[in-house]
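So for the sequence shown, the working numbering puts the first residue at 1; every next one is plus one.
Quick reminder that beta carbons are idealized off the backbone N, C-alpha and C, glycines included.
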Amino acid sequence: MRLAAGRCEELLKASDHGVLTTLHPERGVDAVPTCFVVDPAARAVALPIDRVKPKSSVDLQRTRNLDHDPRAALLCEHWDRSEWSTLWWVRTSMVRAAVDPDGRAEFESLLRLKYSQYEGHTFADVLAFRITEIVGWSASPV
Numbered sequence: 001m002r003l004a005a006g007r008c009e010e011l012l013k014a015s016d017h018g019v020l021t022t023l024h025p026e027r028g029v030d031a032v033p034t035c036f037v038v039d040p041a042a043r044a045v046a047l048p049i050d051r052v053k054p055k056s057s058v059d060l061q062r063t064r065n066l067d068h069d070p071r072a073a074l075l076c077e078h079w080d081r082s083e084w085s086t087l088w089w090v091r092t093s094m095v096r097a098a099v100d101p102d103g104r105a106e107f108e109s110l111l112r113l114k115y116s117q118y119e120g121h122t123f124a125d126v127l128a129f130r131i132t133e134i135v136g137w138s139a140s141p142v
């Protein structure tokens, strides 16, 4: 059953992670797991580029993809292989947005509140997005 936009926003905000998709200029869709925060009032999503998890560089392919094409999508879902009546997914279509220093500081605070692993750490960058569409589905009311 199709989910109302408000319910999609609630499920998105409550999700602890999702899959970010961006467009690589040659090979097409790139999908990577990510953590994120949502500002429903601003219809915005922010993702960290952190130094907490091991990376070879903070110059990530997702950022280069967004420099080429600012469109992205974020997919969150709940899956239970033994109880399909609880299945749901939410897909958010987004466009990368500029964020001023105050907005970045607010997103960093939200990320630290949601993910305790970020406490005491700095971010290499924060990718901000404006939500252009949010849709979802569930097997039964959620």
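Looking at Cys35 and Asp59, is the spacing between their C-beta atoms short of 8 Å? Taking the sequence shown and counting its residues from 1, the one referred to as residue 59 is at position 59. Taking the sequence shown and counting its residues from 1, the one referred to as residue 35 is at position 35. It is not a contact, given that the beta carbons lie outside the stated cut-off.
Determine contact between the stretch 36-56 and the stretch 115-122, defined as no fewer than three beta-carbon pairs at a distance below 8 Å. yes
Per-residue burial, Ser56 [other beta carbons within 10 Å of its own, 16 or more giving buried]: Here the question's residue 56 lines up with position 56 in the sequence shown. With fewer than 16 Cβ atoms within 10 Å of its Cβ, Ser56 is classed as exposed.
Three or more C-beta pairs below 8 Å linking the stretch 110-117 and the stretch 70-90: no
Could you name the residues of the same chain whose beta carbon sits closer than 8 Å to that of Arg7, not counting the 5 residues immediately before and after it, in chain order? Residue 7 sits at position 7 when you count from the first residue of the sequence shown. For Arg7, where only same-chain residues beyond five positions count, the Cβ hits under 8 Å are Gly136 and Val142.
Is the Cβ of His121 closer than 8 Å to any Cβ of chain D? You won't find chain D in this structure, because it holds only one protein chain.
Can you pull the DSSP bridge partners for Val90? Along the sequence shown, one-based indexing puts residue 90 at 90. Per DSSP, Cys76 and Gly136.
Quick one, which of Asp102, Ala139, Ile134 and Ser138 has its alpha-carbon nearest Lys13's? As a first step, residue 13 must be located in the sequence shown, where it is residue number 13. With distances taken between Cα atoms, Lys13 lies closest to Ile134.
Assuming Gly28 is part of the beta strand (DSSP E), what are its boundary residues? Along the sequence shown, read from residue 1 onward, the residue named residue 28 stands at position 28. Where Gly28 is concerned, the enclosing beta strand (DSSP E) stretches over Gly28 to Thr34.
Excluding sequence positions up to five away, which residues of its chain have a Cβ less than 7 Å from the Cβ of Asp69? Mapped onto the sequence shown, residue 69 falls at position 69. Counting only Cβ-Cβ distances below 7 Å, and skipping sequence neighbours, we find Leu23.
Residue environment, Glu9, which counts as buried when at least 16 other CB atoms sit within 10 Å: Numbered from 1 along the sequence shown, position 9 holds the residue referred to as residue 9. Flag for Glu9 reads buried.
Using the three-state DSSP reduction, which class does Leu110 fall into: helix, strand or coil? Residue 110 sits at position 110 when you count from the first residue of the sequence shown. Of the three classes helix, strand and coil, the one that applies to Leu110 here is helix, per DSSP.
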